[in-house]
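Here's the structure, in structure tokens; my notes come after.
Residue numbers (the working numbering), protein chains in the order written: chain A, 123 to 336; chain B, 63 to 474.
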């Protein structure tokens, strides 16, 4: 569950005021809006990153996380550019969150291979991110975000800048993830067809206001 | 009659301009600078004298010895007193023996002792007898010393056997390495903070960090000297032990330098900053660190903060993200900053001169050695030390470049 209560944000000179929205637990939420309207700022605020919360609250899975560090929020975040850890292998990328949580080596291996099977990145595990295609990088970023079973998954335009075939593949993958894993998803996009294909709860951002569509 | 438009020019006629002139221009400008650097190094190679073989030395000595003999013969002609003549004759005989001996070592020591003791005594004797042989004997002495002067080691041997210069080479290497490591230790965190965080007065801090880059290094030395020695916190009693064992107690200003000595004395140490090795390192560090900070900041600016942010959402603290994500990516920048700091430290001279002076076997670094040798006219030896500095810098820079290549981009 993601709930925003009268949330006001500031990111540099950019401000968003009085945002209210709810995405029910386990739902696939879609956030739409024009480029530059503040979608990414809102997503980053939910993740606890740069934007400054100047009013209101953010609730994730029945917990007020407004003042919590990103590490304490239990989220998975897939940024637009994937931002894979360049100096680590794909395996280490996916295992990152598990190592921080002190999992033992066998458990980590198990979990990484399980995710790699689901997301179809098993052949990549020993490689480093340099030279991966956009679609492969996106898959790895998804696996990395899902590794520690977060309650909320934040996807920042996961399907942009992909060729048509890969687009379809990742779309199918997201559907599958939504079906297989119990996770609330917030997916930013400006493509209506994407929204219709994947979404269950629809949010639209317009002129600094957040509206819930049906 | 017809208004037919002019036909389009045939597309195949167009020829883009040749790039030859562009590359020639670039190449000649770059080549000119390269040529300047190489000629500089070449000059340093040419100037120092290599050692000569014994035969060559003897050949060079022969004319001077012959000249000495002719002057002694002149003196013999002039001298009339029987006693004086025998003395001159024996000196002449000795010189002849030297010329025929064929041993470089023997010639040089013999000629020197002849010129410096026997002929001086002879001159005194001649003065006593009232015969003026000053001119002849002086010329003979000069010729003998000239002959002896051909027997000298090469400038390379002279420099490498000089314990002061050996010490300065060691000190340079050690102090540069320490100040480069210290610079990195400071520059990595400052660079990261300045690159990632916005705060009030950031521009002010940025400008202050640039001051050591803009300031003449000499001024930094002066500043250090004043901080450590001219600012005092009250007075204190200092005991001096004279050579005869008596103690004199003098009241002196309690400067920072004094306090450091006092403090280190508790641990049985005699730490000194001004005029000491730690001062050399501090002076080098002050300048080098500013360059390292600049380099590290640029490095962190070029690493997108996105990866750290993802790491933090995955459960990492900011510190953890720094160690596991940012620093491994910044390793080339760290190497570059370390290299720059090391190289700056090797060339540092002004602040060391002012803050620590040039005390042989204590604060003399290689750049000070060059200055010392140059100031007493030993240009050739100064060139040898400079060459050695170039070699040292070249080896270290190449090594770091090699390490940087082989360890930073394993998968690229």
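Don't be surprised by glycine CBs; every beta carbon is placed ideally from N, CA and C.
task: Anything in chain B within Cβ reach of residue 223 of chain A, meaning under 8 angstroms, just list it in chain order.
output: Walking along the first chain from the start, residue 223 of chain A turns up at place 101. Result: 377.
- request: Please name the residue or residues paired with residue 175 of chain A in a DSSP beta bridge.
  value: Translated into the one-based positions of the first chain, residue 175 of chain A becomes position 53. DSSP lists A:131 as partners of residue 175 of chain A.
- prompt: Tell me the DSSP bridge mates of residue 304 of chain A?
  reply: Position 182 of the first chain, counted from the first residue, corresponds to residue 304 of chain A. Its beta-bridge partners do not exist; DSSP assigns none.
- prompt: Using the beta-carbon of each residue, which ones in chain B are nearer than 7 angstroms to residue 197 of chain A?
  reply: On the first chain, position 75 is the one that residue 197 of chain A refers to. Those are 375, listed as they occur along chain B.
Distance, residue 186 of chain A Cα to residue 230 of chain A Cα: On the first chain, residue 230 of chain A is found 108 positions in, with the first residue counted as 1. On the first chain, residue 186 of chain A is found 64 positions in, with the first residue counted as 1. About 30 angstroms.
Any alpha helix (DSSP H) of 4 or more consecutive residues that is wholly inside the region 357-428 of chain B: 368-375, 380-383, 393-409, 412-418
query: Is the distance from the Cβ of residue 327 of chain A to the Cβ of residue 158 of chain A below 8 angstroms?
result: Residue mapping note: residue 327 of chain A aligns to position 205 of the first chain, counting from 1. Residue mapping note: residue 158 of chain A aligns to position 36 of the first chain, counting from 1. Taking 8 angstroms as the Cβ cut-off, residue 327 of chain A and residue 158 of chain A do not qualify as a contacting pair.
task: Name the one or two DSSP bridge partners that residue 335 of chain A has.
output: Here residue 335 of chain A refers to the residue found at position 213 when the first chain is read from its first residue. Paired residues: A:324.
message: Please classify residue 369 of chain B as buried or exposed, where buried requires at least 16 other C-beta atoms within 10 Å of its C-beta.
response: Taking the second chain and counting its residues from 1, one reaches residue 369 of chain B at position 307. It counts as buried.
- request: Within its chain, find whatever has a CB closer than 8 angstroms to the CB of residue 343 of chain B; leave out the 5 residues flanking it on each side and keep chain order.
  value: Taking the second chain and counting its residues from 1, one reaches residue 343 of chain B at position 281. Only 237, 240, 241, 244 meet the Cβ criterion.
query: When the cut-off is 8 angstroms and only beta carbons count, does residue 213 of chain A lie next to chain B?
result: Locating residue 213 of chain A in the first chain gives position 91, where the first residue counts as 1. Judged by the 8 angstroms Cβ criterion, residue 213 of chain A is not in contact with chain B.
- request: Return the bridge partner residues of residue 106 of chain A from the DSSP annotation.
  value: As displayed, chain A neither begins before 123 nor continues past 336, which places residue 106 of chain A out of reach and without an answer.
task: List the endpoints of the continuous beta strand (DSSP E) containing residue 320 of chain B.
output: Along the second chain, one-based indexing puts residue 320 of chain B at 258. Run containing residue 320 of chain B: none in the beta strand (DSSP E); it sits in the alpha helix (DSSP H), 318-328.
field: Contact list for residue 280 of chain A against chain B, beta-carbon separation under 7 angstroms
entry: As a first step, residue 280 of chain A is located in the first chain; it is residue number 158 there, counting from the start. Residues of chain B passing the Cβ test: none, with the nearest at roughly 14 angstroms.
message: Would you call the region 279-297 of chain A in contact with the region 124-135 of chain A, where contact means no fewer than 3 C-beta pairs closer than 8 angstroms?
response: no
field: Local Cβ density within 10 Å of residue 159 of chain B, reported as buried at 16 or more and exposed below that
entry: Stepping through the second chain from its first residue, residue 159 of chain B is reached at position 97. Residue 159 of chain B should be labelled exposed.
message: Does residue 247 of chain B come out as helix, strand or coil in the three-state DSSP assignment?
response: Working through the second chain from its first residue, we reach residue 247 of chain B at position 185. Residue state, collapsed to three classes: helix.
query: Shorter than 8 angstroms from the beta carbon of residue 136 of chain A to some beta carbon of chain B?
result: Your numbering for residue 136 of chain A matches position 14 in the first chain. Not closer than 8 angstroms to any Cβ of chain B, the Cβ of residue 136 of chain A fails to qualify, so no.
- prompt: Looking at the unbroken beta strand (DSSP E) that takes in residue 154 of chain A, where does it start and where does it end?
  reply: One-based indexing of the first chain puts residue 154 of chain A at position 32. Looking at the DSSP string, the run of the beta strand (DSSP E) that includes residue 154 of chain A is 150-155.
- prompt: To which residues does DSSP link residue 198 of chain A through a beta bridge?
  reply: Working through the first chain from its first residue, we reach residue 198 of chain A at position 76. Per DSSP, A:275.
message: Just checking: is the beta-carbon of residue 314 of chain B within a distance shorter than 8 angstroms of some beta-carbon in chain A?
response: As a first step, residue 314 of chain B must be located in the second chain, where it is residue number 252. Closer than 8 angstroms: no.
query: Of the choices A:147, A:129, A:205, whose alpha-carbon is the least far from that of residue 176 of chain A?
result: Locating residue 176 of chain A in the first chain gives position 54, where the first residue counts as 1. Of the candidates A:147, A:129, A:205, the one whose C-alpha sits nearest the C-alpha of residue 176 of chain A is A:129.
field: Local Cβ density within 10 Å of residue 276 of chain B, reported as buried at 16 or more and exposed below that
entry: As a position in the second chain, residue 276 of chain B is number 214, starting the count at 1. Counting Cβ neighbours within 10 Å, residue 276 of chain B comes out exposed, since fewer than 16 surround it.
Beta-carbon spacing of residue 345 of chain B, residue 283 of chain B below 8 angstroms: In the second chain, counting from the first residue as 1, residue 345 of chain B sits at position 283. In the second chain, counting from the first residue as 1, residue 283 of chain B sits at position 221. Their beta carbons are under 8 angstroms apart, which means residue 345 of chain B touches residue 283 of chain B by this criterion.
field: Exposure label - residue 88 of chain B; buried when at least 16 CB within 10 Å
entry: Locating residue 88 of chain B in the second chain gives position 26, counting from the first residue. Classification of residue 88 of chain B: exposed, given that the 10 Å Cβ count is below 16.
- prompt: Can you find a CB in chain B that lies within less than 8 angstroms of the CB of residue 165 of chain A?
  reply: Mapped onto the first chain, residue 165 of chain A falls at position 43. For residue 165 of chain A, the answer is no, since every Cβ of chain B falls outside 8 angstroms of its Cβ.
message: Taking the beta carbon of residue 251 of chain B as the centre, do at least 16 other beta carbons fall within 10 Å, making it buried, or is it exposed?
response: Mapped onto the second chain, residue 251 of chain B falls at position 189. Its Cβ having fewer than 16 others within 10 Å, residue 251 of chain B is exposed.
task: Would you please verify whether the beta carbon of residue 474 of chain B is less than 8 angstroms from any beta carbon of chain A?
output: Reading the second chain from its first residue, position 412 is the one you call residue 474 of chain B. Residue confidence for residue 474 of chain B is low, a pLDDT of 39 falling below 50, so the modelled location carries little weight and cannot support an answer.
- prompt: Are the beta-carbon atoms of residue 281 of chain A and residue 293 of chain A separated by less than 8 angstroms?
  reply: Within the first chain, the letter at position 159 stands for residue 281 of chain A. Within the first chain, the letter at position 171 stands for residue 293 of chain A. Taking 8 angstroms as the Cβ cut-off, residue 281 of chain A and residue 293 of chain A qualify as a contacting pair.
- request: Just confirm the distance between the C-beta atoms of residue 284 of chain A and residue 257 of chain A, as a whole number of angstroms; I'd bet it's less than 8 angstroms.
  value: For this step, residue 284 of chain A is matched to residue 162 along the first chain. For this step, residue 257 of chain A is matched to residue 135 along the first chain. Rounded, the Cβ-Cβ distance is 6 angstroms, consistent with contact.
Residue 294 of chain B versus residue 339 of chain B - alpha carbon distance: Within the second chain, the letter at position 232 stands for residue 294 of chain B. Within the second chain, the letter at position 277 stands for residue 339 of chain B. Their backbone Cα atoms lie some 22 angstroms apart in a straight line.
message: I need the DSSP call for residue 159 of chain B, collapsed to helix, strand or coil.
response: To locate residue 159 of chain B, count along the second chain from 1; it is residue 97. Note: residue 159 of chain B maps to helix in three-state DSSP.
task: Can you grab the Cα-Cα spacing for the pair residue 212 of chain B / residue 162 of chain B, in whole Å?
output: By one-based count along the second chain, residue 212 of chain B stands at place 150. By one-based count along the second chain, residue 162 of chain B stands at place 100. Spanning the two alpha carbons is a distance of roughly 16 angstroms.
task: Mark residue 474 of chain B as exposed unless 16 or more other C-beta atoms lie within 10 angstroms of its C-beta, in which case mark it buried.
output: Residue numbering aside, residue 474 of chain B sits at position 412 when the second chain is read from its first letter. For residue 474 of chain B, the pLDDT reaches just 39, beneath the cut-off of 50, and the residue's location in the model is therefore unreliable, although a value from the coordinates is still provided. It counts as exposed.
query: Thinking C-beta only, is residue 147 of chain B closer than 8 angstroms to residue 135 of chain B?
result: Residue 135 of chain B sits at position 73 when you count from the first residue of the second chain. Residue 147 of chain B sits at position 85 when you count from the first residue of the second chain. No; because the gap between Cβ atoms is not below 8 angstroms, this pair is not in contact.
task: Pick out whichever of A:220, A:184, A:206, A:209 has its Cα sitting closest to the Cα of residue 193 of chain A.
output: Locating residue 193 of chain A in the first chain gives position 71, counting from the first residue. Closest by alpha carbon: A:220.
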